[in-house]
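Q:
Number of protein chains: 2
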Amino acid sequence: MVVWEQDLNLKDCEHSNEDSLSERTLIIASNRGPFTIENCPDGLEFQRSGGGLVTALTSLARKVDACWIAAADSDADREFSQGDVQFGNDGGIHLRFVSPDPKAYDGYYNVISNPLLWFIQHSLWDFPRAPNIDHSVWQAWNNGYVRVNRIFAEAIVDEVKNSEKEPIVMLQDYHLYLAPLMIREQLKKKRATLTQFIHIPWPGPEDWIMLPQGMRTPILEGLCGLDLLGFQTREDGLNFLRTVESCLPGATVRYNRGQVFYQDRIINVRDFPISIDVKSIKEFAKGADVAEHRRFIERRYGENQLIVRVDRMEPSKNITRGFAAFDEMLNLHPEHLEKVMFLAFLVPSRMEVTEYQSYLDELMAAAGRVNAKYGTSNWEPVRVFVGENYARAIAALQVYDVLLVNSIADGMNLVAKEGPTVNRKDGVLVLSERTGARAQLEDGAIVISPLDVYATAEALHKGLTMQEDDKHQRAQRMKESIEREDIDQWLCHQLDEISRLGL
Amino acid sequence: MVVWEQDLNLKDCEHSNEDSLSERTLIIASNRGPFTIENCPDGLEFQRSGGGLVTALTSLARKVDACWIAAADSDADREFSQGDVQFGNDGGIHLRFVSPDPKAYDGYYNVISNPLLWFIQHSLWDFPRAPNIDHSVWQAWNNGYVRVNRIFAEAIVDEVKNSEKEPIVMLQDYHLYLAPLMIREQLKKKRATLTQFIHIPWPGPEDWIMLPQGMRTPILEGLCGLDLLGFQTREDGLNFLRTVESCLPGATVRYNRGQVFYQDRIINVRDFPISIDVKSIKEFAKGADVAEHRRFIERRYGENQLIVRVDRMEPSKNITRGFAAFDEMLNLHPEHLEKVMFLAFLVPSRMEVTEYQSYLDELMAAAGRVNAKYGTSNWEPVRVFVGENYARAIAALQVYDVLLVNSIADGMNLVAKEGPTVNRKDGVLVLSERTGARAQLEDGAIVISPLDVYATAEALHKGLTMQEDDKHQRAQRMKESIEREDIDQWLCHQLDEISRLGL
Numbered sequence: 170m171v172v173w174e175q176d177l178n179l180k181d182c183e184h185s186n187e188d189s190l191s192e193r194t195l196i197i198a199s200n201r202g203p204f205t206i207e208n209c210p211d212g213l214e215f216q217r218s219g220g221g222l223v224t225a226l227t228s229l230a231r232k233v234d235a236c237w238i239a240a241a242d243s244d245a246d247r248e249f250s251q252g253d254v255q256f257g258n259d260g261g262i263h264l265r266f267v268s269p270d271p272k273a274y275d276g277y278y279n280v281i282s283n284p285l286l287w288f289i290q291h292s293l294w295d296f297p298r299a300p301n302i303d304h305s306v307w308q309a310w311n312n313g314y315v316r317v318n319r320i321f322a323e324a325i326v327d328e329v330k331n332s333e334k335e336p337i338v339m340l341q342d343y344h345l346y347l348a349p350l351m352i353r354e355q356l357k358k359k360r361a362t363l364t365q366f367i368h369i370p371w372p373g374p375e376d377w378i379m380l381p382q383g384m385r386t387p388i389l390e391g392l393c394g395l396d397l398l399g400f401q402t403r404e405d406g407l408n409f410l411r412t413v414e415s416c417l418p419g420a421t422v423r424y425n426r427g428q429v430f431y432q433d434r435i436i437n438v439r440d441f442p443i444s445i446d447v448k449s450i451k452e453f454a455k456g457a458d459v460a461e462h463r464r465f466i467e468r469r470y471g472e473n474q475l476i477v478r479v480d481r482m483e484p485s486k487n488i489t490r491g492f493a494a495f496d497e498m499l500n501l502h503p504e505h506l507e508k509v510m511f512l513a514f515l516v517p518s519r520m521e522v523t524e525y526q527s528y529l530d531e532l533m534a535a536a537g538r539v540n541a542k543y544g545t546s547n548w549e550p551v552r553v554f555v556g557e558n559y560a561r562a563i564a565a566l567q568v569y570d571v572l573l574v575n576s577i578a579d580g581m582n583l584v585a586k587e588g589p590t591v592n593r594k595d596g597v598l599v600l601s602e603r604t605g606a607r608a609q610l611e612d613g614a615i616v617i618s619p620l621d622v623y624a625t626a627e628a629l630h631k632g633l634t635m636q637e638d639d640k641h642q643r644a645q646r647m648k649e650s651i652e653r654e655d656i657d658q659w660l661c662h663q664l665d666e667i668s669r670l671g672l
Numbered sequence: 170m171v172v173w174e175q176d177l178n179l180k181d182c183e184h185s186n187e188d189s190l191s192e193r194t195l196i197i198a199s200n201r202g203p204f205t206i207e208n209c210p211d212g213l214e215f216q217r218s219g220g221g222l223v224t225a226l227t228s229l230a231r232k233v234d235a236c237w238i239a240a241a242d243s244d245a246d247r248e249f250s251q252g253d254v255q256f257g258n259d260g261g262i263h264l265r266f267v268s269p270d271p272k273a274y275d276g277y278y279n280v281i282s283n284p285l286l287w288f289i290q291h292s293l294w295d296f297p298r299a300p301n302i303d304h305s306v307w308q309a310w311n312n313g314y315v316r317v318n319r320i321f322a323e324a325i326v327d328e329v330k331n332s333e334k335e336p337i338v339m340l341q342d343y344h345l346y347l348a349p350l351m352i353r354e355q356l357k358k359k360r361a362t363l364t365q366f367i368h369i370p371w372p373g374p375e376d377w378i379m380l381p382q383g384m385r386t387p388i389l390e391g392l393c394g395l396d397l398l399g400f401q402t403r404e405d406g407l408n409f410l411r412t413v414e415s416c417l418p419g420a421t422v423r424y425n426r427g428q429v430f431y432q433d434r435i436i437n438v439r440d441f442p443i444s445i446d447v448k449s450i451k452e453f454a455k456g457a458d459v460a461e462h463r464r465f466i467e468r469r470y471g472e473n474q475l476i477v478r479v480d481r482m483e484p485s486k487n488i489t490r491g492f493a494a495f496d497e498m499l500n501l502h503p504e505h506l507e508k509v510m511f512l513a514f515l516v517p518s519r520m521e522v523t524e525y526q527s528y529l530d531e532l533m534a535a536a537g538r539v540n541a542k543y544g545t546s547n548w549e550p551v552r553v554f555v556g557e558n559y560a561r562a563i564a565a566l567q568v569y570d571v572l573l574v575n576s577i578a579d580g581m582n583l584v585a586k587e588g589p590t591v592n593r594k595d596g597v598l599v600l601s602e603r604t605g606a607r608a609q610l611e612d613g614a615i616v617i618s619p620l621d622v623y624a625t626a627e628a629l630h631k632g633l634t635m636q637e638d639d640k641h642q643r644a645q646r647m648k649e650s651i652e653r654e655d656i657d658q659w660l661c662h663q664l665d666e667i668s669r670l671g672l
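If you read the sequences in order, they're chains A and B.
Take 170 as the starting number for the first sequence in my numbering and just add one per residue.
Take 170 as the starting number for the second sequence in my numbering and just add one per residue.
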């Protein structure tokens, strides 16, 4: 395997950056902002959102000036427009919304970002049938994705120019592939460090070449405006280098240094695996709300061994094949009949995208088929819980005997880290080899190929029948590894790398 | 781009191998044999089949002892079993059939080779929904694909052992990925050169990793039993090296030399782009049968400009998106209404595979939609011809104004070479960038991304409205290039490379 020469996953974050950060400001840009704003009778009300980046930033927000730029998502966002917001007692940030017109936003978000780019990056297209990149898709590209990236870029350039200190710009994810070059071109001599982190998988050139050249070239050129480009795994980073080498004429790459050379510039490519906020989750798991849900699950289903999954309702999560594997397990190992239940906790997601609606229908049908085939008057093998209820999800993760994470592709998959962190039964993790989490957890989990229904069935069976001491050792290894690398480390490693590279 | 150091597409085939070949014998192995055998009242009747390999071999058959091993496909094949067969006056070969039991053959052919491997290698799976690699697929692997590969390997080893001269074994295609290592292990000290040519695309590790480890590792180990492994394009060869590097522990690769090192052995990886038998096709195109079909087409449809496609009825050919592009063209450029027709000549293929049946339904529906939307009492925009009729296909290729080849993925695509060879109108080729033929024809063709319906529509329009001299120059460039590299060169290059490497 080709690897960078440097070991990037520094075991100990140096925190040297806290000093050097006093000379810098942070400008973060992402599609969604760190707060949900609601228009209440007493004025605007701010609710902090849960994402990893918000969490990680909280611990820095007292020490550094930060501005967060996001797309307005409601009238309240547009009314607020921009201003300072506090993270409780932990310091605050300057929050600024951009407001593209609804049609441009729809093209950018509902046509290009999701499903087109998301599906390409998660191997989800049924190529003989979709996507059809027709005139309307090109309009969504030109008048939506390109335009919204330009609006973000202009707001960022504005913040950079108004900053007294030299800013570090941290762009987030696949919504903003074009922005870096646009920023670079407008900045001229004003100095700033441009970085971006891609939260989802980056496939190789074979997948990118399915996009028309008029999209893939601007995407690669856009990202080559950066100084530092971060991915979830080393594989993703190598795939980016290979994509650039195959698809961007004029670029050269050095695999062993993780560098792209393009138009007299160097783009450093690194991996910064994201994680969870271990301390907060453990704290939350002790709460009364979680306990109540746990007691409910135990009272209602506790006579069975429990297979659990917790996922957004989304084709990349491979939910229907999970039910097919459970079916195959009951068929091959009938000793589990009336003794094991499969509880699926599913959060509705992007229901405005057609592909997601039809996937919902399919997965409910798949669950129904298993119940029709094996259910008895006393025992319903599959139970699907639909809705967003974090306390209930954490309660379920506390009591699983086996946790199933069988994604077709997944940038990281944080459920695979939350599960072992809160589980109280030395439960077994069955984990897809196509998740970013696999690298960290493979010596504790049972690793499966996501299309391999038979292997998944056998893995579920193995998990349900594993000896206690084997289970305990595996669970311990995973818990310890997750605690060592939590979300603070993730941001910290990025800032350390910026400082180490002298950017 | 990483390239081999040697230039492998030798401009002139050295024919040095004809002398060195007198010291060798050839053993060819492929799923289908070079003759169709029928049981007639007067005994068995032999009909030579049209494939490129048979054609190429004919010119060598007088000079070298050759044996061809194939799977029996009929009672007549099984009755014949083995014996010598003549290629007209051009010398002959020893033909030998292996006869796996029908259930093993069904698993090997209809479950594993098609669709599983074919679909992986052509980016055709709808991963959220298929394939489901359940227990029955694993049985088809173990009791079908593995077993039939073993039966082939045993027959080949038997021929090698009975050969007085040192044999060159030439395995063909994706049906026989496991055979090389099986042969190698059984040969012991008996010397033979093992080679294989893969006629279909070889994708990168991102696609192969979708296969369970228990399949992909044996496939890669199997091929690493070879001395020389040939692909259609340099990209395919590089993808193989990358796949081995990612997925086969213990193997190392040298990209610049096209070599894999595995278990004290060297596997040489090269590209040998396949072509057509230019002379025979030109001869055939002069025949009365072709002329009659041509006159029929001209009489019936000749008042229109003609867009033509000729394809096996198969999802990798992207037939429905071809109709969608025609629809988009008529919408964006209504001046073509009642003046252009789209004639699609489609050959039924693998109709026993479910995925192919449903694709037939979809493409007929897509054609019907265009006719319903734009058709008038005097003009039906799309006409689909179903059935295998080579003379009719060649006639259609003679008279196209635009030939559409928009495959999602295609090892080479020989229609893209037959078209310019026989066309009489300086017709324009619209060609998918995901065909192996693209490398050779891109400076004559209009190259499109296969998912880009809008670009395909604009390419059809451009082809229909192109100036005569531009059309003529493009057509000439393609004709000349195809004539320079015909099917004889393909076999010739392989034998030269064997001799050059001292294998």
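Here a beta-carbon is modelled for each residue, glycine too, at the ideal position from N, C-alpha and C.
For residue 217 of chain B, tell me which candidate among B:247, B:262, B:345 has the shortest Cα-Cα distance.
A: If you number the second sequence from 1, residue 217 of chain B lands on position 48. For the residues B:247, B:262, B:345, the minimum Cα distance to residue 217 of chain B belongs to B:262.
Q: Need the endpoints of the beta strand (DSSP E) that residue 408 of chain B sits in, please.
A: Residue mapping note: residue 408 of chain B aligns to position 239 of the second sequence, counting from 1. Premise fails: residue 408 of chain B lies in the alpha helix (DSSP H), 403 to 416, not in any beta strand (DSSP E).
Q: Could one say the Cβ of residue 376 of chain B lies closer than 8 Å to chain A's Cβ atoms, at least one of them?
A: Residue mapping note: residue 376 of chain B aligns to position 207 of the second sequence, counting from 1. At least one chain A Cβ lies under 8 Å of residue 376 of chain B.
Q: Compare the C-beta of residue 295 of chain A against all C-beta atoms of chain B and say whether one is closer than 8 Å.
A: Taking the first residue of the first sequence as position 1, residue 295 of chain A is located at position 126. Taking CB atoms only, residue 295 of chain A has a neighbour in chain B less than 8 Å away.
Q: With DSSP collapsed to three states, give me the class of residue 522 of chain B.
A: As a position in the second sequence, residue 522 of chain B is number 353, starting the count at 1. DSSP places residue 522 of chain B in coil when its eight states are reduced to three.
Q: Count the other C-beta atoms from every protein chain shown that fall within 10 angstroms of the C-beta of residue 641 of chain A, then say buried if there are 16 or more, exposed otherwise.
A: Counted from its first residue, the first sequence places residue 641 of chain A at position 472. Exposed, since its Cβ has fewer than 16 Cβ neighbours within 10 Å.
Q: Would you mind telling me which residues of chain A sit closer than 9 Å to residue 379 of chain B, beta carbon to beta carbon, in chain order?
A: By one-based count along the second sequence, residue 379 of chain B stands at place 210. Going along chain A in sequence order, the residues near residue 379 of chain B (Cβ under 9 Å) are 292, 577, 603, 618, 619, 620.
Q: How far does the beta strand (DSSP E) with residue 252 of chain A in it extend, from its first residue to its last?
A: Residue numbering aside, residue 252 of chain A sits at position 83 when the first sequence is read from its first letter. It spans 251 to 255 - the beta strand (DSSP E) in which residue 252 of chain A sits, taken as one unbroken run.
Q: Using 10 angstroms around the beta-carbon of residue 184 of chain A, count the other beta-carbons present and answer buried if the total reaches 16, otherwise exposed.
A: Translated into positions along the first sequence, residue 184 of chain A becomes position 15. Residue placement at residue 184 of chain A cannot be trusted, given a pLDDT of 49 that sits under 50; the coordinates are not used to answer.
Q: Ordered along the chain, which non-local residues of its own chain (more than five positions away) have a Cβ less than 7 Å from that of residue 485 of chain B?
A: The sequence position of residue 485 of chain B within the second sequence is 316, counting from 1. The answer, listed in chain order, is 291, 293, 576, 577, 578, 579.
Q: With 8 Å set as the bound, which would you pick, yes or no: does the beta-carbon of residue 673 of chain B sit closer than that to a beta-carbon of chain A?
A: With chain B covering only 170 through 672, there is no way to say anything about residue 673 of chain B.
Q: Let me know the secondary structure DSSP gives residue 474 of chain A once reduced to three states.
A: Translated into the one-based positions of the first sequence, residue 474 of chain A becomes position 305. Strand at residue 474 of chain A.
Q: Determine which residues share a DSSP beta bridge with residue 573 of chain B and list them.
A: The residue given as residue 573 of chain B occupies position 404 in the second sequence. Paired residues: B:599.
Q: Judging by CA-CA distance, which residue of B:234, B:452, B:438 is the nearest neighbour of residue 367 of chain B?
A: Translated into positions along the second sequence, residue 367 of chain B becomes position 198. Selected option, being the one with the closest Cα: B:438.
Q: Is residue 402 of chain A buried or exposed, if buried means 16 or more other CB atoms sit within 10 Å of its CB?
A: For this step, residue 402 of chain A is matched to residue 233 along the first sequence. By the 10 Å Cβ count, residue 402 of chain A comes out buried.
Q: Quick one: what's residue 339 of chain A bridged to in DSSP?
A: In the first sequence, residue 339 of chain A corresponds to position 170, counting from 1. According to DSSP, residue 339 of chain A bridges with A:197, A:364.
Q: My output table needs one value for residue 502 of chain A: the three-state DSSP class, helix, strand or coil.
A: As a working mapping, residue 502 of chain A is identified with position 333 in the first sequence. Here residue 502 of chain A sits in coil by DSSP.
Q: Can you tell me the Cα-Cα spacing of residue 287 of chain B and residue 408 of chain A, whole angstroms?
A: Residue mapping note: residue 287 of chain B aligns to position 118 of the second sequence, counting from 1. Residue mapping note: residue 408 of chain A aligns to position 239 of the first sequence, counting from 1. So the two alpha carbons sit approximately 24 Å from each other.
Q: Got a sec, what are the start and stop residues for the alpha helix (DSSP H) residue 607 of chain A sits in?
A: The residue you call residue 607 of chain A lines up with position 438 of the first sequence. Start and end: 607 to 610.
Q: Nearest to residue 300 of chain B by CA position, among B:443, B:434, B:381, B:247, is which residue?
A: Position 131 of the second sequence, counted from the first residue, corresponds to residue 300 of chain B. Closest by alpha carbon: B:381.
Q: Could you tell me whether the region 421 to 437 of chain A touches the region 371 to 387 of chain A, where touching means 3 or more Cβ pairs closer than 8 Å?
A: The answer is no - the region 371 to 387 of chain A does not touch the region 421 to 437 of chain A, with fewer than three Cβ pairs under 8 Å.
Q: Flag this pair as yes or no: are the beta carbons of residue 266 of chain B and residue 255 of chain B separated by less than 8 Å?
A: Working through the second sequence from its first residue, we reach residue 266 of chain B at position 97. Working through the second sequence from its first residue, we reach residue 255 of chain B at position 86. No, they are not a contact pair.
Q: Can you give me the start and stop residues for the alpha helix (DSSP H) that residue 565 of chain A sits inside?
A: For the purposes of this step, residue 565 of chain A is taken as the residue at position 396 of the first sequence. Counting along the chain, the unbroken alpha helix (DSSP H) around residue 565 of chain A starts and ends at 559 to 568.
Q: Using the beta-carbon of each residue, which ones in chain B are nearer than 9 Å to residue 307 of chain A?
A: For the purposes of this step, residue 307 of chain A is identified with residue 138 of the first sequence, where counting begins at 1. Those are 621, 623, 624, listed as they occur along chain B.
Q: What in chain A is Cβ-close to residue 493 of chain B, meaning under 8 Å?
A: Taking the first residue of the second sequence as position 1, residue 493 of chain B is located at position 324. Those within 8 Å of residue 493 of chain B in chain A are 301, 303.
Q: What in chain A is Cβ-close to residue 501 of chain B, meaning under 9 Å?
A: Within the second sequence, numbered from 1, the residue matching residue 501 of chain B stands at position 332. The answer, in chain order, is 304.
Q: Out of B:572, B:496, B:303, which one is the CA nearest neighbour of residue 541 of chain B?
A: To locate residue 541 of chain B, count along the second sequence from 1; it is residue 372. The candidate whose alpha carbon is nearest that of residue 541 of chain B is B:496.
Q: Pop quiz: residue 128 of chain A and residue 519 of chain A are said to be a contact at Cβ under 8 Å. What is the actual Cβ separation, rounded to whole angstroms?
A: Within the shown structure, residues of chain A are numbered from 170 to 672, placing residue 128 of chain A beyond reach of any answer.
Q: Is the separation between the beta-carbon of residue 513 of chain A and that of residue 622 of chain A shorter than 8 Å?
A: As a position in the first sequence, residue 513 of chain A is number 344, starting the count at 1. As a position in the first sequence, residue 622 of chain A is number 453, starting the count at 1. Contact: no.
Q: When you compare the region 268 to 282 of chain B with the region 336 to 352 of chain B, are there three or more beta-carbon pairs, one atom per stretch, that lie closer than 8 Å?
A: yes
Q: Determine, using beta-carbon pairs with one atom in the region 600 to 608 of chain A and one in the region 450 to 462 of chain A, whether at least three such pairs fall under 8 Å.
A: Touching, no, given that fewer than three Cβ pairs across the two stretches are closer than 8 Å.
Q: Measuring alpha carbon to alpha carbon, tell me which of B:332, B:467, B:347, B:224 ends up nearest residue 236 of chain B.
A: On the second sequence, residue 236 of chain B is found 67 positions in, with the first residue counted as 1. Nearest C-alpha to residue 236 of chain B: B:332.
Q: Within the continuous alpha helix (DSSP H) that includes residue 674 of chain A, where are the two ends?
A: This structure leaves residue 674 of chain A out entirely; chain A is present only between 170 and 672.
Q: Where do the ends of the beta strand (DSSP E) carrying residue 399 of chain A lie?
A: Position 230 of the first sequence holds residue 399 of chain A. DSSP places residue 399 of chain A inside the beta strand (DSSP E), whose first and last residues are 397 to 400.
Q: Which whole runs of the alpha helix (DSSP H) in the region 217 to 302 of chain A are 4 residues long or more, in chain order?
A: 221 to 227, 244 to 249, 271 to 275, 287 to 290
Q: What residue range does the beta strand (DSSP E) around residue 428 of chain B cover?
A: Translated into positions along the second sequence, residue 428 of chain B becomes position 259. It spans 428 to 431 - the beta strand (DSSP E) in which residue 428 of chain B sits, taken as one unbroken run.
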